[in-house]
Amino acid sequence: MPDDMASATETVSFTLNGRAVVAVKGEKIIEAAERNGVFIPRFCYHPRMRPVGVCRMCLVEVSGPRGATLQPACYVDVAEGMEVSTASAKASKAQEGILEFLLVNHPLDCPVCDKGGECPLQDQAYSYGPGESRFVDEKRHWAKPIPLNEFVLLDRERCIQCSRCTRFAAEVAGEATIDFISRGDSIEVGRFAREMPSPYFSGNIVQICPVGALTAGPFRFVSRPWDAEQVETTCTVCALGCRMVVQSQSGEISRVLGVDSDPVNHGWLCDKGRFGFDVIYSEERIVEPMVRKSGTAAGGTDGDLVASTWSEAMSLTVDRIAEAVAGKGPEAVAFIGGARLANEDQYAWGRLAREVIGTTSVDVQIGDGLDPRLIFSLNRATVDEACTSKCLLSLGGDVRELLPVLFLRLREAIVTGRTKLVELSEIPTSLSRYAETAKACTTEALSGVLEEVAVAVEAIVGNKSGEGLTILAGRSSLAASPFYTEKALAEAAMRWPQAKFLPLLPRGNVMGALELGLAPGLLPGRRMDGRNPGVAPGKATGQILERAARGEIAVVVLLGSDPAGDFPDEGLAMKGLAAAGFVVAVDAFENASTAFADVFLPVALAEERDGTVTNIEGRVASTPAKVVAPAMCWPEWAIASRLATELQGQAWTAGAARAAAPSGATGAAGRVGAPRGDGPGSAGFGYVSRTEILAEIAAAVPGWDELATVAGRVRAGRDGVVLHSFGAAGESGARPLDPIAFPGIDSIEKQGASMDAGGAADAGGAADAGGVAGAAGEQDTSTPGTPSLPSLPGEVLVPGSPAAKAILEAFVGVPQPDTRAEDRFPMRLSSPRVLFGAGQGVAMSKHLAGVGQEASVVVNGEGVNEAFGLEGVEARVSSPGGSVELPVRIDPRIPPGVAMIPFNAGTAASILIATGEPVTYVSVEPVSVDAAALTDGMERDDG
Amino acid sequence: MPHLSSESLTRAREIVDLYPQRRSALIPLCHLAQEQDGWLRPEAIEEIAGLLDVTPAEVLGTASFYEMFKLEPAGRYVISVCTNVACMLAGAYDLLAHAEERLGVRAGGTTPDGRFTIEDVECVAHCDHAPCVQVNSRYFGPLDAGGFDRLVDSLERGELEGDVPPHGTLVRVRRTKGLMA
Amino acid sequence: MTPDGGPPRILTSRVDLAGSYTLKAFLETGGYEGLRKALSMKPDEVAQEVDEASLLGRGGAGFPAGRKWSMLRPADTTYLVVNGDESEPCTFKDHLLLETDPHQLVEGVAIAAYAIGVEQAFIFIRGEMALGLERVTQAVNEAYEYGALGRGILGSGFNLDVVVHPGAGAYICGEETGLLESLEGKRGFPRIKPPYFPAAIGLYGEPTVVNNVETLSNMSWIVRNGGAAFAALGKGRSTGTRLFALSGRVKRPGVYEVEMAKTTFRDLIYGQEFGGGISGGKELKAFIPGGASAPWFGADQVDMPLDQDEVGAAGTMLGSGSVVVMDETVCTVKVAWRITRFFWRESCGQCTPCREGGGWLEKILWRIENGAGREEDVDMLADICDNISPGLHWPPEQTTICPLGPSIPSPIASVMRMFEDEIRLHVKEGACPLA
Ligand SMILES: Cc1cc2nc3c(=O)[nH]c(=O)nc-3n(C[C@H](O)[C@H](O)[C@H](O)COP(=O)(O)O)c2cc1C
Ligand code: SF4
Ligand code: FES
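Protein chains in written order, with this note's numbering: chain A, 1 to 943; chain B, 1001 to 1181; chain C, 2001 to 2435.
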């Protein structure tokens, strides 16, 4: 609000409890009073929703033409000369009266109520209430808690009808799946029996409920607020980076609450981010190093992973890497994944790969992203910029599935009329219904359709330069190669030089990884790698797997990734991993890929380690640890550091390592030496703490120097800092939060679990891009859709720079292969990513059990085999690459001729997709069903 | 399978077309569904939601605000006994007690044979005929105990079929003229 | 003037006619002539006549119709909405008009729409009035057929569509913003003010005039006879005739059209052409002058004229035009309880004081009436009432969104004011002294 004050031209003066104060024109009394230090009690008012003035708790005395009258402070705008008394005898009596009324039907069961101790009704009853209720008659009765959905329970007796939850559903989430039923004092919040509130945003209604009416199953009875410790942090479930606090109790996480970060999440969280934290307590979690015993290393699968020690696991890994480099050169060692890692971890692993080992085969994206060189050549929008642009143009991707809270932000911007959406998507998304224009458009047709909608877009923004336009850069489907989207993005950027882009890359800290060196072809700080990369950025994982399948890769390191379960071409992933000489899993859980692992290195998870993360905007925010990791689980940076140390002990790496030390970073280079001890604190690159890495990043990466590091935390407070504008680090001040949803918010930031060990940060020098021994060889242009770039070693990718322009031109110039359905495979496969897929985040969480999507094939029903008119029929979906059996669902919103299979609900889609093909076509046929029997409605044959 | 009959659906579409905004047809469509089924079935709620592009919860939430919509099966004849002031001063509570006794159910209940529901309602604007009742929104009154019995007898014998359509049927006149094209 | 020299029957001229609701009967008795005349005038001139008539709204608030029309914010789309929700206890005058003279209403709607330049009107009719709904729907069908509605009405260039919209049982939909919400297919939650008038922001957010059935049923007469002729009836601001629904302990309850201000409550209750006196020859104890929300009058105020301003100055209102008579045998606590029960059951439930206060007061009054009252209950009643409507004065101050909230204390305050002894006696005797 102070920033508003600064920019607001119009202010009004009014009198607040006899004191002359100033407010912004249009501000509500409740807000103006709060900013001037006077808290007015309230229940229904929520700063992020339209005021409705129903609870009447905020009645204050306001002067007016007919004398002073009681007015709801949450609804009435401050006016010039107005006199407001919040605590006059009349106002106080009214407030007392309201509280007494609220308690008429409210059970007095505070001692057994989950809200006890942090209940605004309880608190305000003490501060503003009559002391005791005079009500002696019978209260209204309802059956005790009833479930609203998988997470939320409703105790209607405690409800005070403030309508916060129902308004959230209708106004914020856009899904009025709960509503008031009945009227008067029999009003209850309810849902239609056959439709539950979807598990996307339902946790928010628990957080904003001012009484104990809505509680969350995962949080019930686990803690009492006075016992809880909390730390403010950033959610890493997706790449939006919602701010939240993690609360713990006796060292165990008990609850997660959204924090109101103005530029990011407005206080909201998605249910996956809120409830999925319990994965860290999963019984399936791997908490000690393991090595595969018996049998040979080749293939790795003939033997069991058995518990081991860090020294054994490390030395085995070091030996194999050393052998690989010695035998086949550094490119025989490859790294896949890393989006789950914190920035500091990513930087350390990037240095290990590039500088110590010397490979360029690193890729954070698992075939589901976009070329980072392209992303960094585009003007990036912040979320706020997107929400205030005149036009949003979406080239694909369902934001609600990818970056759920971004959906809330964008939806709000659209429904309030601030911005208009033009959507091009293979299948309808959750934003389609709000779109000005929503066009069904296959990914391969994007370029042409873009041409068609350009006029409409320009009409909305009112210019041809793209000013006021934000393009949402996501992928509709992982069954179409990214190069169609990349080409369309480059074309859009050339056509509209002023347009901004918001990448819809969902994975936790993928943007940090791309910025800090886990991307092929790019060094930390978006500097073009001078060496011939040998791999195509954005497609590197595919190439790594292909090379592995051909026997060219000796060691694959999986950084919290599961190509076998997650890469769009399952067949290739399995072949590659099976053929790789040695597979190292750096992870917390076993998965389809770790079945190939020869070594398993257990890691600390986000809530257990300090760090920073970077969101899709380029906003860096801190993720302090809240709880302590199991003893043998190390933070990822420490594993990299230790590996580096041991590898640097090997003769072949010594020279390279010294040469690789950041120039000027003599301190760091000086510490390179023999490993000491068996713990993460050992000097590797010289890192003994995360703080040190952060300092080095700050010195090496443009923009990061703006982040003064104090005890390893980014300087900025709640909102983090957006770095991609290089230097425009801004901090925004505290805003009035919703004190109801967030009791005691201002006392946060104090109780992190473990502070980093170790000394003060040494400022490191800038990473030197050149002079690193690397793989020689031609740039791989055989991968379709990979642009052939002029040599740009050392260039920093800044939008608008010559390098960025060259990149855009190169992407525009990529020839696009024609694709056509064959007779045998007449349908187009569309495979979008969904929020609740079958990945670890869902599968390992007890809280999220039951919301994970089952795989199915969804078709329009029109023009398909008659038999599919029947829901749930089993079908065989086949592509040239494979065949799967799935139940059929009919959805008329899917365009005819398209078969939709959610990408990450199991591996059905990735069995069908062949990444070598630009587009996947399939056939959909009933599984050995007698068609006549089907149409006759007879029993079907499940065989 | 649509739950509304094709005739109901045709009428539903006609009604929707009368309004500048679809959702305005919500109450008329609930009346229509109640006319078809005698009460507001969940299937009808879902279908109305689909026709109006709102959620079933919104249809349920809105319908449940209004006294006339029955979310559970109601009798073929819903007898609404007014007990508000004018009727009370004319003995409405005695009439209600008699009605409960005659039909063997308490206000709010339905006879086991599904023929009658009794309700204790607010003023139905027929106070010059106090105490009065409505049967399926058709007026009767003033009624004493004997008059009530005769009314029930007639209903039971089907003598009032013409005056009192089954519960749910509100307006037997169909809007014949569309809007100006 | 009527042949007997009494006031003209402006609203009820057809009620005794057989088939009065048919187009045929309507046309035979001068139907749609007012509309024809209006269409021959300029819209402003029609509005001018209504303004001159000083027609006060008959829905309850008594706001001048002409002024309300003039407040309609100019816009591309505007609406006229007829309030036929009539659910105020013991109010049944619109009921009569809807069933007996629907064309008179349709004609009034067309005249009003023409005067204010509206092309789309809605007639919202209380759902329980099945016959009224049928009659008005039929009348609208006939009017389209006849050419009095639709495109180019009666050969003019004026277009008007009318939709008859059924309510579904909720008193609060009589409150005009609750009505608009209901018409939008939502719960009848009254809208928070500001905006104060639907004339600025109404149906679908567009400027909207909401008028009562009776208000609009006057239009044909006013246009045919001129606003001045209407204003010549009555006195001061209370002009014309008005329907009063008389009920309770009178010999001849019913709807009576009386000239405003010239008639007194005594005339209405005791006059032979009206109520004909208290039934059973009992004494008048008190009466409600204008609907359940209105503070009561005692027997000593029975000579008060039916004049909006005089009644207002005496601390109550003519409101919805319903007069309920209580004789000496009536227990006022019981009446207050029943009205409180009504408000409790009809509260929409948005505002805490109304939602919770109504039920609480009802429970206390029920206890007192049935002999379980406590000494402290009487003062507590007063204090709870004060928490709903601070000061308990007239017009009431409200702690709620709509006036239903402050209506709840109204009967209780009336009993406290006039019959406090009676309440205390209930408590003392542990039973109703009048039972
Ligand atoms: C609780 C409440 C109930 C009301 N009920 C009715 C009603 O049933 N009929 C009506 O015409 N006006 C009713 N009104 C008044 C309307 O809000 C509005 O003032 C009226 O319809 C305007 O029409 P008029 O100006 O022609 O009187 C009610 C007001 C309140 C506060
Ligand atoms: S005062 Fe009562 S009826 Fe009016 S809006 Fe508030 S709760 Fe609803
Ligand atoms: S009425 Fe203002 S906070 Fe509820």
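For every residue, glycine included, the Cβ atom is placed at its ideal position computed from N, Cα and C.
All values reported here derive from a predicted model rather than from experimental measurement.
Candidates the options: closest to residue i by CA position
i        : options                                   : result
Q95(A)   : Q124(A), E252(A) and P111(A)              : Q124(A)
E458(A)  : K420(A), A445(A), G841(A) and S308(A)     : K420(A)
E2128(C) : A1092(B), G1168(B) and G1141(B)           : G1168(B)
A386(A)  : E590(A), E132(A) and F501(A)              : F501(A)
T437(A)  : V453(A), T443(A), L240(A) and G448(A)     : V453(A)
A588(A)  : P563(A), M632(A) and L545(A)              : M632(A)
A2200(C) : M2071(C), G2152(C) and E2257(C)           : M2071(C)
A1086(B) : M1068(B), N1136(B), V1135(B) and P1142(B) : P1142(B)
N265(A)  : V898(A), I616(A) and D891(A)              : I616(A)
Start and end residues, beta strand (DSSP E) containing residue i
i        : result
A1092(B) : Note, A1092(B): premise wrong, no beta strand (DSSP E); alpha helix (DSSP H) at A1092 to L1103.
N2225(C) : Careful: N2225(C) lies outside any beta strand (DSSP E), inside the alpha helix (DSSP H) at M2219 to N2225.
R2436(C) : Outside the modelled stretch of chain C, which goes from 2001 to 2435, sits residue 2436(C), for which no answer is possible.
P130(A)  : Per DSSP, P130(A) belongs to no beta strand (DSSP E) and is neither H nor E.
Under 8 Å between C-beta atoms of residue i and residue j
i        : j        : result
I901(A)  : V877(A)  : yes
A1125(B) : E2086(C) : yes
P2190(C) : C2402(C) : yes
T1111(B) : A1074(B) : no
V325(A)  : I357(A)  : yes
P107(A)  : E157(A)  : yes
S883(A)  : Y921(A)  : no
N36(A)   : L16(A)   : yes
Contact test: residue i Cβ vs ligand 1 heavy atom, cutoff 7 Å
i        : result
D2085(C) : yes
V2118(C) : no
A2199(C) : no
E31(A)   : no
Extent of the continuous alpha helix (DSSP H) run through residue i
i        : result
K2193(C) : K2193(C) -> no alpha helix (DSSP H), and no H or E assigned at all.
P503(A)  : First-last for P503(A): K500 to P503, but that is the beta strand (DSSP E), not the alpha helix (DSSP H).
beta-carbon residue i near ligand 3 non-hydrogen atom, thresh 7 Å
i        : result
A73(A)   : yes
C1123(B) : no
G53(A)   : yes
Residue i Cβ short of 7 Å to ligand 2 heavy atom set
i        : result
R167(A)  : no
C2354(C) : yes
L2361(C) : no
P2390(C) : no
>> Any C-beta of chain A within less than 9 Å: which residues of the region 1104-1133 of chain B qualify?
In response: none
>> What are the residues in the region 2344-2358 of chain C lying within 9 Å of chain A by C-beta distance?
In response: W2344, R2345, E2346, S2347, C2348, G2349, Q2350, C2351, T2352, P2353, C2354, R2355, E2356, G2357 and G2358
> When Cβ atoms are compared, which residues of the region 45-56 of chain A fall closer than 7 Å to chain C?
Replying inline: V52, G53, V54, C55 and R56
>> Counting only Cβ-Cβ distances shorter than 9 Å, please list the residues of the region 2239-2254 of chain C near chain B, keeping chain order.
In response: A2245, L2246, S2247, G2248, R2249, R2252, P2253 and G2254
> Closer than 7 Å, Cβ to any Cβ of chain A: which residues of the region 1059-1091 of chain B, in chain order?
Replying inline: L1060, G1061, S1064 and F1065
> For the region 2375-2391 of chain C, which residues have a CB atom closer than 7 Å to at least one CB atom of chain A, in sequence order?
Replying inline: M2380, N2387 and P2390
> Just by C-beta distance, which residues in the region 179-194 of chain A are closer than 8 Å to chain B?
Replying inline: D179, F180, I181, S182, R183, G190, R191, F192, A193 and R194
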